[in-house]
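A.B. asks: What follows is a single structure, and I will ask about it in a moment.
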Amino acid sequence: MDYLEIGYVPKDNELLSCMVVKAENLEKAANDIAGESSIGTWTELKTMKSEVYEKLRPRVYEIKEIGSEGNNKIGLVKIAYPLDDFEPNNMPGTLAGIAGNIFGMKSLKGLRILDFRFPKEFIDCYSGPKYGIDGIRNLLNVKERPLVGTIVKPKVGLNSEEHAKVAYNSWAGGCDIVKDDENLVSQNFNKFEDRLYKVLEYRDKAESETGEKKIYMPNITASYREMVRRAELVEDAKCEYAMIDVVVLGFSAVQQIREEGFDFVIHAHRAMHAAITRSKEWGISMLALAKIYRLLGVDQLHIGTVVGKMEGVKEEVCSIRDEIVLEDVEKDDKYKFFDQKWYGLNNVFPVSSGGVYPKLVPEIVNIFGNDVIIQAGGGIHGHPDGTVAGARAMRASIEAAAEGIPLNEKAEEVPELKKALEYWK
Ligand code: CAP
Ligand code: MG
1329 MDYLEIGYVP KDNELLSCMV VKAENLEKAA NDIAGESSIG TWTELKTMKS
1379 EVYEKLRPRV YEIKEIGSEG NNKIGLVKIA YPLDDFEPNN MPGTLAGIAG
1429 NIFGMKSLKG LRILDFRFPK EFIDCYSGPK YGIDGIRNLL NVKERPLVGT
1479 IVKPKVGLNS EEHAKVAYNS WAGGCDIVKD DENLVSQNFN KFEDRLYKVL
1529 EYRDKAESET GEKKIYMPNI TASYREMVRR AELVEDAKCE YAMIDVVVLG
1579 FSAVQQIREE GFDFVIHAHR AMHAAITRSK EWGISMLALA KIYRLLGVDQ
1629 LHIGTVVGKM EGVKEEVCSI RDEIVLEDVE KDDKYKFFDQ KWYGLNNVFP
1679 VSSGGVYPKL VPEIVNIFGN DVIIQAGGGI HGHPDGTVAG ARAMRASIEA
1729 AAEGIPLNEK AEEVPELKKA LEYWK
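The sequence shown runs 1329 to 1753 under my numbering.
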């Protein structure tokens, strides 16, 4: 089977994949990847039919050598797949092909998928985000500045009353959003239902006292039927948000929970992503995953901070931001390898979180602009004067950064910010 057709011009309705490959023979590796991810296997098939080959074979249309390591070559490979290879609106099935067996091929010494180009016919099959950035800003009635979020800490261990009190103090100090941590679900010391109703009571109290819209994002991550049960409780309780851990849940659960059409914003936490995205030699880029999650329909997605505790360089984080925020994305051949149009599919609110504290906020706003949800857990609940002070300091730093006011100047009128700037140098 031959899939090499260097110079082939992909059709507008083909799904394109760009990957970096390390192997002794790049042409053979690219050819084997194309076959193994579509119609082929390791040997010629007596059962192969010419119409199958003609109709469904992908084409390796570009191989660009970019380096070498010992007797291995390193190259960028681009493959064009006919859409008929895939079932419409079946993301697990699609990824089992284009991102399945190929990572295990013995002949490869490295394989990392960098980007996909999804054609309109493919995009039109998926729900996409329900709200978009504008929809979320309207829901919260926060039109300009970044949203201020926190994560109740300790991650797990508080009972539901203690959890709800930390949430209340976060809202009282100025947070817009309070979320559960990624590993807080329904442990014996903090059952989901107890927490949900207690936190919502305190949310209502915080709203009436502050006059501001306040958001609670309960983590509904669980086995699928239980997650749906929790989602129904969230919706019945008129809670406008739910959080899901998208990577550990899997693509099918993410696609399905969106398609259930619950009346809440879906916040996507990406715990475990780095097991797949961090290696530069194997796996799939966070950019490629982010595009998939936009298709599946999450409304908010963690994409990094550049300056906080998690890895992710500025250019890469900004490219991911482009892919989930913009309608038309231009390739840069560094992180974005395809021009990608989204054909009106709603955009996704970027979430910047992980080791954030007030002093980092101006840099984060400088990187993201104002269309970002900035979350701080330790950076609020670790404030020397406690959660309310920590939330005040974060809210003040975000308002200052959004208005271009130097933090030290703002700190003169907000003592909690002054203390945070002194405490976390
Ligand atoms: C942040 C956080 C988030 C990370 C996830 C944590 O807490 O709650 O899960 O932001 O990383 O548990 O670390 P802190 P990412 O503010 O206390 O660091 O957003 O990169 O997926
Ligand atoms: Mg967390």
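A virtual CB, placed ideally from N, CA and C, is assigned to each residue, including glycine.
Predicted model, so just to flag it, every value in this text is computed and none were measured.
1. Pull up the CB-CB distance for glutamate 1568 and phenylalanine 1590, whole angstroms please, since I reckon it's below 8 Å.
2. Cutting at 6 Å between CB atoms, please list the residues of its own chain near aspartate 1522, excluding the five before and the five after it.
3. I want to check one thing, is the minimum distance from the CB of glycine 1578 to the heavy atoms of the ligand CAP below 7 Å?
4. Would you kindly work out how many angstroms separate the C-alpha atoms of glutamine 1628 and isoleucine 1594, rounded to a whole number?
5. Check whether the Cβ of aspartate 1509 lies closer than 7 Å to any heavy atom of the ligand MG, and answer yes or no.
6. What do you reckon, are the CB atoms on glycine 1456 and leucine 1673 nearer than 8 Å?
7. I need the straight-line Cα distance from isoleucine 1391 to tyrosine 1685, nearest angstrom please.
8. By alpha-carbon positions, which one of Val1676, Arg1649, Asp1360 ends up nearest to phenylalanine 1431?
9. So, under 8 Å CB-CB, alanine 1729 and valine 1689 are touching, yes? Tell me the CB distance rounded to an integer number of Å.
10. Could you tell me whether the Cβ atoms of methionine 1638 and glycine 1705 are closer together than 8 Å?
11. Can you find the residues in the same chain that come closer than 8 Å, C-beta to C-beta, to lysine 1664, ignoring five residues on each side of it along the sequence?
12. With 16 as the cutoff for other CB atoms within 10 Å, does aspartate 1504 come out buried or exposed?
13. With a floor of 4 residues, list each alpha helix (DSSP H) that falls wholly inside the stretch 1678 to 1733, ordered by position along the chain.
14. For glycine 1398 and valine 1349, what's the separation of their Cα atoms in angstroms?
15. Only counting the same chain, and skipping five residues up and downstream in sequence, which positions put a Cβ closer than 8 Å to that of lysine 1533?
16. Report the rounded CA-to-CA distance for proline 1546 versus tyrosine 1336, giving the unit in angstroms.
17. Between Ala1362, Ser1396, Ile1394, Glu1393, which lies nearest to tyrosine 1381 when the distance is taken from Cα to Cα?
18. Between isoleucine 1441 and the rest of its own chain, which residues show a CB-CB distance below 7 Å, the 5 nearest in sequence each way excluded?
19. Just how far apart, CA to CA, sit threonine 1633 and threonine 1375?
20. Measure the C-alpha to C-alpha separation of lysine 1747 and lysine 1458 and round it to an integer number of angstroms.
21. Taking the alpha-carbon positions, what's the lysine 1608 to glutamate 1644 distance?
22. For phenylalanine 1579, does the count of other Cβ atoms within 10 angstroms reach 16, so buried, or fall short, so exposed?
23. Taking 8 Å as the limit between beta carbons, can you name the residues of its chain near threonine 1605, skipping five residues before and five after?
24. Please determine whether the Cβ atom of isoleucine 1479 lies at a distance below 7 Å from any heavy atom of the ligand MG.
25. Which partner residues of methionine 1555 appear in the DSSP bridge assignment?
26. Any heavy atom of the ligand MG inside 7 Å of the beta-carbon of lysine 1483?
27. Would you kindly work out how many angstroms separate the C-alpha atoms of serine 1725 and aspartate 1713, rounded to a whole number?
28. When DSSP labels each residue in this structure, what does serine 1498 get in the three-state scheme?
29. Which ranges does the alpha helix (DSSP H) cover as unbroken runs of at least 4 residues, wholly within the stretch 1600 to 1634, from first to last along the chain?
30. Go through the stretch 1407 to 1451 residue by residue and report every complete run of the beta strand (DSSP E) that reaches 3 residues or more, in order.
C.D. replies: So, from the listed chains and residues:
1. In the sequence shown, the residue the question calls residue 1568 occupies position 240. In the sequence shown, the residue the question calls residue 1590 occupies position 262. 10 Å between Cβ atoms; not a contact.
2. Numbered from 1 along the sequence shown, position 194 holds the residue referred to as residue 1522. So the qualifying residues of the chain are Ser1488.
3. Against the sequence shown, residue 1578 aligns to sequence position 250. No - the ligand CAP has no heavy atom lying nearer than 7 Å to the Cβ of glycine 1578.
4. By 1-based counting over the sequence shown, the position of residue 1628 is 300. By 1-based counting over the sequence shown, the position of residue 1594 is 266. Rounded to the nearest angstrom, the two C-alpha atoms are 7 Å apart.
5. One-based indexing of the sequence shown puts residue 1509 at position 181. True, at least one ligand heavy atom lies under 7 Å from that Cβ.
6. Taking the sequence shown and counting its residues from 1, the one referred to as residue 1456 is at position 128. Taking the sequence shown and counting its residues from 1, the one referred to as residue 1673 is at position 345. Taking 8 Å as the Cβ cut-off, glycine 1456 and leucine 1673 qualify as a contacting pair.
7. Sequence index remark: in the sequence shown, residue 1391 carries index 63 (1-based). Sequence index remark: in the sequence shown, residue 1685 carries index 357 (1-based). Approximately 44 Å between the Cα atoms of the pair.
8. Locating residue 1431 in the sequence shown gives position 103, counting from the first residue. The shortest Cα separation from phenylalanine 1431 among Val1676, Arg1649, Asp1360 belongs to Asp1360.
9. Position 401 of the sequence shown, counting from 1, holds the residue named residue 1729. Position 361 of the sequence shown, counting from 1, holds the residue named residue 1689. Contact holds; Cβ gap of about 5 Å.
10. Walking along the sequence shown from the start, residue 1638 turns up at place 310. Walking along the sequence shown from the start, residue 1705 turns up at place 377. No, Cβ-Cβ distance for methionine 1638 and glycine 1705 is not below 8 Å.
11. Reading the sequence shown from its first residue, position 336 is the one you call residue 1664. Here the set comprises Asp1443, Leu1615, Ser1647, Asp1650, Glu1651, Val1657, Glu1658.
12. For the purposes of this step, residue 1504 is identified with residue 176 of the sequence shown, where counting begins at 1. Buried is the call here.
13. 1689 to 1696, 1706 to 1709, 1715 to 1731
14. Residue numbering aside, residue 1398 sits at position 70 when the sequence shown is read from its first letter. Residue numbering aside, residue 1349 sits at position 21 when the sequence shown is read from its first letter. Roughly 14 Å between the two C-alpha positions.
15. Residue 1533 sits at position 205 when you count from the first residue of the sequence shown. The residues are Tyr1496.
16. On the sequence shown, position 218 is the one that residue 1546 refers to. On the sequence shown, position 8 is the one that residue 1336 refers to. Straight-line Cα distance between these residues: approximately 49 Å.
17. Here residue 1381 corresponds to residue number 53 of the sequence shown, with the count starting at 1. It is Ala1362.
18. Start at 1 with the first residue of the sequence shown, and residue 1441 comes out as number 113. Excluding sequence neighbours, isoleucine 1441 sits near Ser1345, Met1347, Ala1427, Ile1612, Ser1613, Ala1616.
19. Position 305 of the sequence shown holds residue 1633. Position 47 of the sequence shown holds residue 1375. About 51 Å.
20. Along the sequence shown, one-based indexing puts residue 1747 at 419. Along the sequence shown, one-based indexing puts residue 1458 at 130. Taking the straight line joining both Cα atoms gives about 40 Å.
21. Taking the sequence shown and counting its residues from 1, the one referred to as residue 1608 is at position 280. Taking the sequence shown and counting its residues from 1, the one referred to as residue 1644 is at position 316. Taking the straight line joining both Cα atoms gives about 12 Å.
22. Within the sequence shown, numbered from 1, the residue matching residue 1579 stands at position 251. Under this definition phenylalanine 1579 is a buried residue.
23. As a first step, residue 1605 must be located in the sequence shown, where it is residue number 277. Taken in chain order, the residues that qualify are Gly1611, Ile1612, Ser1613, Met1614, Leu1617.
24. In the sequence shown, counting from the first residue as 1, residue 1479 sits at position 151. Isoleucine 1479 Cβ: within cutoff of the ligand MG.
25. The residue you call residue 1555 lines up with position 227 of the sequence shown. According to DSSP, methionine 1555 bridges with nothing at all.
26. Residue 1483 sits at position 155 when you count from the first residue of the sequence shown. Answer for lysine 1483: yes, Cβ within range of the ligand MG.
27. In the sequence shown, residue 1725 corresponds to position 397, counting from 1. In the sequence shown, residue 1713 corresponds to position 385, counting from 1. Rounded to the nearest angstrom, the two C-alpha atoms are 16 Å apart.
28. Translated into the one-based positions of the sequence shown, residue 1498 becomes position 170. Helix, per DSSP.
29. 1601 to 1605, 1614 to 1624
30. 1438 to 1445
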